[in-house]
Every structure is written in structure tokens, then in C-alpha cells.
Amino acid sequence: MSDFQAVADRVEIEALRGEFTDGVMMRDYDRIASLFTPDGALRMPNIPVELEGREAIRAWGRRVPDVVEFLVQNTHPGVIRLDGDTASGRAYISEVGRGRDGRGGMNYAIYHDRYQRTCDGWKFTERVYEVRYEDASQLAGSPPRPESESHRLIRTR
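Number 58 in full-length UniProt numbering belongs to position 58 of the sequence shown; there are no gaps in the numbering.
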């Protein structure tokens with residue numbers, strides 16, 4: 001493998017990880033599912049959730065808005081280890097969010113990843129979410145009000 005190919009692979013894997021974070025933030029679980037190989041797995045032992053295959057990932061995503069009021073996920077690049085048409089890596093996560101039940105908080109976590117080069121580019125074969133720190137303190141803030149509600153408040157003052 002040439003040095004150029006290694007650089008291109010790293011850029012493509014980093015783009016894959018970025019697409020995942022954007023999919024989470026936009027609640028686009030069809031897109032998230034498409035980032036995995038057909039038999040790929042998303043595992044979140046701390047939640048606990050174990051999803052194998054694109055349809056399981058999609059189906060789980062459809063339920064997320066029913067239980068999660070909001071989630072902000074920031075992903076920080078980590079190591080990527082290339083091995084031909086496969087690779088492994090880690091990405092570091094900080095999150096803040098609140099469930100519909102009122103519980104919320106922040107955490108720091110690691111995604112432990114395995115990747116596969118496919119005819120459609122690099123895909124996840126496995127993504128394991130490991131929480132390293134969790135703070136369940138009541139959040140002081142909240143998501144911004146919808147624009148229409150904000151305008152009403154300004155006009156009534």
C-alpha cells in the first residue's frame with residue numbers, strides 16, 4: 001500500500017466517523033445504518049443495547065426520539081490502525097443530553113471501532129460505545145425554545 005493510499009484511507013475513515021456523529025445529531029438513523037456493513041454491529045454495553053445488522057440499527061433509531069429529549073455529541077479524533085482492507089480505531093466522545101423522563105447529564109466515552117473497505121467505501125463492522133465517566137447531575141440548561149415561541153415572548157414584553 002502506498003503512503004498516498006494510507007493517507008486517503010485515514011481521511012475516508014475520519015469522514016465515516018464524522019458522518020456517524022452528524023447522523024446522531026440529526027437523528028438520521030437510516031444514514032447511520034448505511035454506515036455499517038450489512039452484518040455490522042453497534043454495541044452500547046452501558047445502556048445496554050446490542051444491535052446487529054442495519055435493520056436493527058434503523059429500528060432502534062426510530063425509537064430514540066420517544067426516549068431522548070435531546071443529545072449533543074462531540075467526537076474527537078483518535079487513533080486509526082490500517083491493515084489492508086480492514087482497520088481498527090478509537091474516537092473520543094463528550095455528550096450532554098436529557099431523556100424524556102427528565103434524567104440527564106453528561107458523559108465522556110470512547111468508541112472502539114472496526115472498519116472494512118467495501119465497494120462503497122469504508123464502513124463500520126463494529127462500533128462499541130464505552131462510557132468512561134458519567135455525571136448524572138441535573139442539567140441547568142435546556143434546548144433553545146422553538147423560534148415561534150421565542151418571537152411570542154419578545155413581542156409580549
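All C-beta atoms in this analysis are idealised placements derived from N, C-alpha and C, irrespective of residue type, glycine included.
Subject >> Unbroken beta strand (DSSP E) run spanning SER94, endpoints >> reply: That run of the beta strand (DSSP E) goes 86 to 99.
Original post:
When you compare each of ALA59, PRO65 and GLU55 to MET25 by their alpha carbons, which one comes out closest?
Top reply: Taking only the C-alpha atoms, the option nearest MET25 is PRO65.
Original post:
Excluding the five sequence neighbours on either side, which residues of its own chain have a C-beta within less than 7 Å of the C-beta of ARG58, listed in chain order?
Top reply: Contacts found: TYR29, ASP30 and ALA33.
Original post:
Any idea which residues DSSP pairs ASP113 with across the strands?
Top reply: DSSP output for ASP113 lists GLY89 and ARG127 as bridge partner(s).
**OP:** Identify the continuous alpha helix (DSSP H) that holds GLY40 and give its terminal residues.
**Re:** Here GLY40 belongs to no alpha helix (DSSP H); instead the beta strand (DSSP E) covers 36 to 44.
Original post:
Does DSSP classify ARG132 as helix, strand or coil?
Top reply: Strand.
**OP:** Between the Cα of PRO48 and those of GLY40, TRP60 and GLU55, spot the shortest distance and give me the residue it belongs to.
**Re:** It is TRP60.
**OP:** Apply the 10 Å Cβ neighbour rule to ARG127 and answer buried if 16 or more other Cβ atoms are within range, or exposed otherwise.
**Re:** Buried, because 16 or more other Cβ atoms sit within 10 Å of the Cβ of ARG127.
**OP:** Starting from the Cα of PRO143, find the closest Cα among ALA109, GLY99, ARG43 and GLY84 and give me that residue.
**Re:** Taking only the C-alpha atoms, the option nearest PRO143 is GLY99.
Original post:
When burial is assigned at 16 or more other CB atoms within 10 Å of the CB, is residue 170 buried or exposed?
Top reply: In this structure the chain extends from 1 to 157, so residue 170 is not present and cannot be described.
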